[in-house]
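Written out below as structure tokens is the structure these notes cover.
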Amino acid sequence: MLSSALLENPLRQGLSSGRVAPPCSLVIYGASGDLTARKLVPALFELYEKHLLPVSFNLIGISRSAISDEDFRKKLKEALLQSKPQVSDAIWNSFSQNFHYHAGGYDDFKVYQALAVKLNELDEKNGTVGNRIFYLSTPPNVFEEIISNLGAAGLAKEEKGFSRVVIEKPFGHDLDSAKELNQKVREVFKENQIYRIDHYLGKETVQNFLVMRFANSIFEPIWDRRYVDHIQITASEDLGVGTRAGYYESSGILRDMFQNHLFQVMCLMAMEPPVIFEANAIRDEKLKILQAIRPFDEQTVRTHAIRGQYGPGFLAGQKVPGYRQEAGVDPQSITPTYAAIKIFLDTWRWHGVPFFLRSAKRLPKRTTEAAIQFKEPPNLLFKNNMTELSPNVLIIRIQPDEGITLKFETKVPGMSMEARTVNMDFRYGTSFAEGTSEAYERLLLDCMLGDATLFIRGDETEAAWAALMPVLNLWETTQPEGTFPNYEAGSWGPAEADEMMEKPWRKWRKL
Amino acid sequence: MSVPTAQNIESDLTGLWKIDQDSHLSQSGIRRIYTTNLVAYASDHEDGYRVEGILGDLVQYHPGRYILVRPAADTAEAPLRYYVSGRCLSWADPEKRVCCDMVKLVAQKEIIENLYGFTFSILVPDLPVEFWWPGDMPYYNSFFEHMAEQLNRVWVDSSKFKDPVQSLARLAAFWHKRYPKTNLADMNWIRIQRWQALIAELFDGEWSKYLKEIKQVTIEYGEGGTPLRSFYLACWLAAQLGWRHHQPRLSKLTDPLVFEGPNGSVEILLKPVPAPDHRADRIFAVGIVTQGEHAGIFTVVRDEDPHLVIARSEVNHQLAFSRVVTFEHLHSDDVLAIGLKHFEADPVWKKTLQMAGSILVHPDMSLEKGSKG
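Chains A and B, in that order, are what the protein sequence lines are. Residues in the first sequence are numbered from 1 upward in steps of one, following my numbering. Residues in the second sequence are numbered from 1001 upward in steps of one, following my numbering.
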């Protein structure tokens, strides 16, 4: 995609930094928070180092904390130096020369009026030509307030340049709140100005799904119900809730992981090839997948969705507390920290193929992957010689150890006809020495460039919530069956999850 | 040592990696993964060591099969010998580990002339093949000719050209006619890309209107060297901004350059500045002056701190903006690593070379292959 900077500036042509963002101001709400210091500013710094951040760039942090511009910059610098200790004062000062801070309540309209004046001044002074991005890195309960005030202050209008809003997850708490939030945001911003962020989509390996599927001809012909037995998507964490108990108690694993990350990965795995590589074409195809999720009823929630919560256990030899013993957690909490869901997509391509989605905290390791298990070979040819042939599995590892593995059968050398499963591995780490970019780096750049491909459209969020609501409703209104907590920290989750696999050859992958 | 055959080399390499896999290193996930073939030629024994060192460092960027061809130091040596080795680099991150195969072919000069077929036979199939010719451009060399005809891309390093004007003019005049299917790349072009990026940045967005008003460009380079990089930069600016060179063709790179721009003539001065010997030809500063309604000064200057460069602009005698960026010295392996990252042909480089060809005196074609009857 050619950026406007490139189109206007012939000297940009052919440079590796050709995908440079146009001049703009980035306004971060919740700027004193962790995300700004730990993710957003380091991502901006990477863009700066790669000559992808425009020379005309302003960052304005807004938050309730009463700190000065200087203290704001100092805090960001300290955070950056933790990951990049080599950054010199001269470089930092240059990078942060147009960083500003504005203290104020999100409900105080005067703050927005002052912001409008400040942005105009900076446009004049630094040549940012009226291009603005408003990044909402605040608790979700103030999203509507901020957006409404931005609208009232005239900051959503695209008169001189663009005006975009980036909204961090969670986007809504359920279907109704997501619809309401969508409506409120759309009253102020048009859909093409709204960038709902899911940092999973900024990961290199998630983007590689599209390249792997649609830039190779060998996968797509077997990517359907005729050859695929089932698909497993797993996102496991070895950590517990840590300091996020307050948030987690009201969200749980379904809101935290399924509605956004896992559903998005499933969409990329299952969607039809878009006609063009363009934001809406891709998002149209993802939406079709979300809309094709076979609706759950009470019975299928009971059989196709397993919830769990970790009790005390051991991780790496260390005793760790159970969820109910974590600080800030209700001792009687039924909040799920584990969920496994079997999903059927009612599409021509995927009819009858189950998608098993699993995510949990306090499993033995942190890993995210999608695995396509192909149907078993008929085994007619070798039935007298071999006891069992394993099905082929194609595994796309998202983190850690990003890469792709194909498991297939091969003959063991020797006089007998014996087969063994072997792995054919592709690893980013051994094929490309260059490190993969941080997700926020890519997503911030895309937003500046107006490329919404890796952001979620409003109808996608609603479709995802709609699919998940029957499970959420039942889980939040009924006590779990059997004992709860039902899995030990450091184990692979409750045994009930195995039952949903139905067939003897289907097993949760031990990662 | 085994008889030099493709089979023996493959077999030795397989054995080499098998030993490694059987050792404790197998735990850290050794895999023979190739993303490229790179064939390098060294003109003599000494150059061979230098090139081998650079290839050894290059593995950290591009796992692949590297083949180094060099002449034997002594005519008493065997007509052709080979050596295989493997090299792996690990990072703190246990998943990050890249390896390469290295095959060194040492042959008598007359053997090398006809060694292209053998070299082709030990490439990893189905992967792009890069050919790095680190020395001066040869007038006729059978090995070079065959490699350039059949491989994907040839890397030259114009900083090594003994007669840069003649060699550059030759490349501009004949390369794409003689080797239409083979991309040409110059390591010196990679070396100036960071300057290009910094200059380009100064003219992004609303500042792009100043490009039409450029009147004078001064490029300062290290005294004592040939200002080839500066000349490249000048040609790049002229080619990208559509300037035309009307003056007589140049026989020296230091002659003033005058172009016809959209709003009148544009002068480019290549100015030597005192510099330590090893910095000869290095660019030290670029200053661009615009006039008329959009008068301004745009500069990119090396800081006293050798790791920093400052880009800044002044419009109407007021600072418009400034930016400080890191500017680490690029070694040859860094330059190649950057170059090998992108495989596509570089149309901007092609345009710049054409511009250079239109400015420099015509090359002496009587020395070219086939011209001597």
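Glycine is no exception: its CB is placed at the ideal position from the N, C-alpha and C atoms.
Straight-line Cα distance separating residue j from residue i
i: Glu-191/A; j: Val-165/A; result: 10 Å
i: Tyr-529/A; j: Phe-143/A; result: In the structure as shown, chain A starts at 1 and stops at 511, and residue 529/A therefore has no counterpart that could be examined.
i: Arg-1302/B; j: Ala-452/A; result: 38 Å
i: Ile-253/A; j: Ala-339/A; result: 7 Å
i: Pro-485/A; j: Ser-390/A; result: 34 Å
i: Thr-1352/B; j: Val-27/A; result: 40 Å
i: Arg-358/A; j: Thr-234/A; result: 5 Å
i: Asp-1047/B; j: Gly-1135/B; result: 9 Å
i: Ile-306/A; j: Glu-249/A; result: 18 Å
i: Gly-482/A; j: Glu-496/A; result: 10 Å
i: Glu-46/A; j: Glu-441/A; result: 7 Å
i: Lys-1376/B; j: Tyr-1061/B; result: Nothing about residue 1376/B can be reported from this structure: the residues present for chain B run from 1001 to 1373 only.
i: Ala-467/A; j: Lys-39/A; result: 31 Å
Proximity below 8 Å, CB of residue i to CB of residue j
i: Phe-209/A; j: Leu-150/A; result: no
i: Ser-251/A; j: Pro-331/A; result: no
i: His-1317/B; j: Glu-1213/B; result: no
i: Phe-1284/B; j: Leu-1253/B; result: no
i: Gln-259/A; j: Leu-201/A; result: no
i: Asn-145/A; j: Asp-198/A; result: Checking the sequence shown, residue 145/A turns out to be Glu, not Asn. In this structure, Asp-198/A does not lie closer than 8 Å to Glu-145/A by Cβ.
i: Gly-313/A; j: Ala-489/A; result: yes
i: Val-1069/B; j: Leu-1198/B; result: no
i: Met-585/A; j: Ile-289/A; result: The question about residue 585/A has no answer, for chain A in this structure spans 1 to 511.
i: Tyr-1221/B; j: Arg-1153/B; result: no
i: Ser-431/A; j: Thr-1035/B; result: yes
i: Trp-1195/B; j: Val-1286/B; result: yes
i: His-1147/B; j: Gly-1339/B; result: A quick correction: the sequence has Met, not His, at residue 1147/B. No.
i: Ser-1159/B; j: Leu-1228/B; result: yes
i: Gln-1166/B; j: Pro-1363/B; result: yes
i: Val-1309/B; j: Phe-1327/B; result: yes
i: Asp-1044/B; j: Pro-1079/B; result: no
i: Ile-520/A; j: Val-471/A; result: Outside the modelled stretch of chain A, which goes from 1 to 511, sits residue 520/A, for which no answer is possible.
Cβ-based burial, residue i [other Cβ within 10 Å; buried from 16]
i: Ser-1313/B; result: buried
i: Leu-239/A; result: exposed
i: Asn-216/A; result: exposed
i: Val-117/A; result: exposed
i: Pro-377/A; result: exposed
i: Tyr-1049/B; result: exposed
i: Lys-75/A; result: buried
i: Trp-348/A; result: exposed
i: Lys-160/A; result: exposed
i: Pro-1256/B; result: exposed
Coil, strand or helix - residue i by DSSP
i: Val-1003/B; result: coil
i: Leu-1340/B; result: helix
i: Gln-232/A; result: strand
i: Val-117/A; result: helix
i: Glu-1110/B; result: helix
i: Pro-354/A; result: strand
i: Ala-1238/B; result: helix
i: Asp-420/A; result: Per the sequence presented here, residue 420/A reads as Arg, with Asp not at that position. It is a strand residue.
i: Asn-1037/B; result: strand
C-beta neighbour in chain B for residue i, strict 8 Å
i: Glu-460/A; result: no
i: Thr-368/A; result: no
i: Arg-12/A; result: yes
i: Ile-60/A; result: no
i: Gly-127/A; result: yes
i: Ile-91/A; result: yes
i: His-51/A; result: yes
i: Thr-430/A; result: yes
Short CB-CB distance (under 8 Å) between residue i and chain A
i: Gln-1240/B; result: yes
i: Thr-1182/B; result: no
i: Trp-1207/B; result: yes
i: Phe-1321/B; result: yes
i: Leu-1202/B; result: yes
i: Val-1266/B; result: no
i: Asp-1333/B; result: no
i: Ala-1345/B; result: no
i: Val-1300/B; result: no
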